[in-house]
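Enquirer: Residue 1353 is where the sequence shown starts when you use the numbering used here, and the numbers rise one by one after that.
Note that the Cβ used here is the ideal one computed from N, Cα and C, for glycine as well.
Being a predicted model, the structure only gives us computed values, none of them experimental.
One structure, pasted below without further comment.
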Amino acid sequence: MTNIATSLEEKSLLIFNHLNKMDKFWNTYSMELITKITASERMYHHQIQPSEKGRLSISVFSGVNINIIRSCMFGEIQIQFEVESGTLGRIELPPACIDVHGNLDRCIPVQDKTGVFTHYLERLQVVYDTLLALSAEKA
């Protein structure tokens, strides 16, 4: 019985340590985005909005909300990008992940401020393209 308890205790510690490591990666990723988005609010017309744990909410041009959502607590962190806008309808943005080594989409270290922000901007291209097309139609 002692071996089972010890084994379970060891497994519990390994799981706990993995979760802590992945939480640190998510927190680093989130803070890099918050810092860069805040610093570039006027340039890209986007702002961080209050949101719940495991999620970043960004308002683009005060009318489009983009939610960056952490899903999956175990293993790799899966990141979903949801666009909320009555005007734009449903826009699909490619998901992303943070692997167990702390790499965004398996190639960008989450500590790479420029790489993380560029990755975010690439995800937003389709949103800005759609907004530009709508703006041109109404001009």
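Under a Cβ-count criterion, where at least 16 other Cβ atoms within 10 Å of its own Cβ denotes burial, should Ala1448 be classed as buried or exposed?
Expert: Indexing the sequence shown from 1 puts residue 1448 at position 96. Classification of Ala1448: buried, given that the 10 Å Cβ count is 16 or more.
Enquirer: Assign Arg1422 to buried or exposed, taking buried as 16 or more other Cβ atoms, counted over all protein chains shown, within 10 Å of its Cβ.
Expert: Here residue 1422 corresponds to residue number 70 of the sequence shown, with the count starting at 1. Arg1422 should be labelled buried.
Enquirer: What are the residues that DSSP puts in a beta bridge with Asn1417?
Expert: For the purposes of this step, residue 1417 is taken as the residue at position 65 of the sequence shown. DSSP output for Asn1417 lists Ser1411 and Glu1436 as bridge partner(s).
Enquirer: Under a Cβ-count criterion, where at least 16 other Cβ atoms within 10 Å of its own Cβ denotes burial, should Gly1454 be classed as buried or exposed?
Expert: Walking along the sequence shown from the start, residue 1454 turns up at place 102. Label assigned to Gly1454: buried.
Enquirer: For Leu1408, count neighbouring C-beta atoms within 10 Å of its own C-beta (all shown protein chains included) and say buried if the count is 16 or more, exposed if not.
Expert: Here residue 1408 corresponds to residue number 56 of the sequence shown, with the count starting at 1. Looking at its Cβ environment, which holds 16 or more other Cβ atoms inside 10 Å, Leu1408 is buried.
Enquirer: For Met1395, is the classification buried or exposed, using 16 other Cβ atoms within 10 angstroms of its Cβ as the cut-off for buried?
Expert: Within the sequence shown, residue 1395 is the residue found at index 43, counting from 1. So Met1395 counts as exposed.
Enquirer: Would Val1479 and Leu1445 qualify as a contact pair, given that the criterion is a beta-carbon distance under 9 Å?
Expert: Position 127 of the sequence shown, counted from the first residue, corresponds to residue 1479. Position 93 of the sequence shown, counted from the first residue, corresponds to residue 1445. Yes, these two residues count as a Cβ contact at 9 Å.
Enquirer: Residue range of the alpha helix (DSSP H) that Arg1394 falls in?
Expert: Position 42 of the sequence shown, counted from the first residue, corresponds to residue 1394. Looking at the DSSP string, the run of the alpha helix (DSSP H) that includes Arg1394 is Glu1393 to Tyr1396.
Enquirer: Among His1471, Asn1419, Ala1485 and Ile1450, which one has its Cα closest to the Cα of Leu1494?
Expert: Summary: the structure shown does not reach residue 1494, with the chain confined to residues 1353 through 1491, and so no result is reported for it.
Enquirer: Could you pull the DSSP bridge partners for Gln1399 from this structure?
Expert: Sequence index remark: in the sequence shown, residue 1399 carries index 47 (1-based). DSSP lists Ser1411 as partners of Gln1399.
Enquirer: Would you call Met1383 buried or exposed, if buried means 16 or more other Cβ atoms sit within 10 Å of its Cβ?
Expert: Within the sequence shown, numbered from 1, the residue matching residue 1383 stands at position 31. Exposed is the call here.
Enquirer: Within the continuous beta strand (DSSP E) that includes Cys1449, where are the two ends?
Expert: Taking the sequence shown and counting its residues from 1, one reaches residue 1449 at position 97. That run of the beta strand (DSSP E) goes Ala1448 to Ile1450.
Enquirer: Distance check for Phe1368 and Glu1436, CA to CA, integer angstroms please.
Expert: As a position in the sequence shown, residue 1436 is number 84, starting the count at 1. As a position in the sequence shown, residue 1368 is number 16, starting the count at 1. Rounded to the nearest angstrom, the two C-alpha atoms are 34 Å apart.
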